[in-house]
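One structure is given below, encoded as structure tokens.
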Amino acid sequence: MLAYVGLGSNLGDRAGYLLAALSRLSRLPKTRLRRLSPVYETAPVGPPQPFYLNLVAELDTGLGPRELLQALLEVEKALGRERKERWGPRTIDLDLLLYGDLVLEEEGLQVPHPRLHERAFVLVPLVDLLPEGRHPTLGVRFAELLAALDASGVSPLVL
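In terms of this note's numbering, the sequence shown opens at residue 5 and continues consecutively.
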């Protein structure tokens with residue numbers, strides 16, 4: 005199953021945390037890291053805090069959605085993620101954005117991600133990977149959802 009994971013970091017060595025998370029994702033059982041979007045520097049949502057580095061990873065996985073979410077949470081924990089403040093700064097943030105075309109709403113797990121369509125910092129890199137992709141519940145192309153948002157706080161990272 006193709007799954008899409010949003011990665012973000014805004015504390016410490018942001019690029020280092022993203023690379024460490026990608027390395028761990030590439031070693032998940034029954035999972036292959038297929039493609040990555042470009043990396044973007046993005047303005048934070050929520051309280052004042054440092055800018056983020058964000059990207060989206062495409063995974064080909066045999067893990068179920070709950071298993072994959074659990075693996076993402078374990079990677080966050082291993083990389084020092086502390087959940088102190090909603091939308092607060094973090095070493096690493098991993099969000100399960102899409103799991104094929106699955107629509108799922110369970111306690112602690114919603115697919116597609118419930119705020120996917122509201123966030124330019126997710127949609128910009130997702131459109132890089134899925135230029136013709138459609139939101140599974142809204143039926144609207146991701147590019148159209150992005151066009152309706154202010155993406156001025158999302159800048160390609162030039163290394």
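All C-beta atoms, glycine included, are put in the ideal place defined by N, C-alpha and C.
Asked, Found
"Residue 109 - partner residues in DSSP beta bridges", "114"
"Alpha-carbon to alpha-carbon, residue 37 and residue 62", "6 Å"
"The segment 101–109 / the segment 51–58 touching (three or more Cβ pairs under 8 Å)", "no"
"Beta-carbon gap between residue 15 and residue 65 smaller than 8 Å", "no"
"Residue 13, DSSP secondary structure in three states", "strand"
"Reference residue 154; option with closest CA among 126, 73 and 99", "126"
"Alpha carbon of residue 41 to alpha carbon of residue 137, nearest angstrom", "14 Å"
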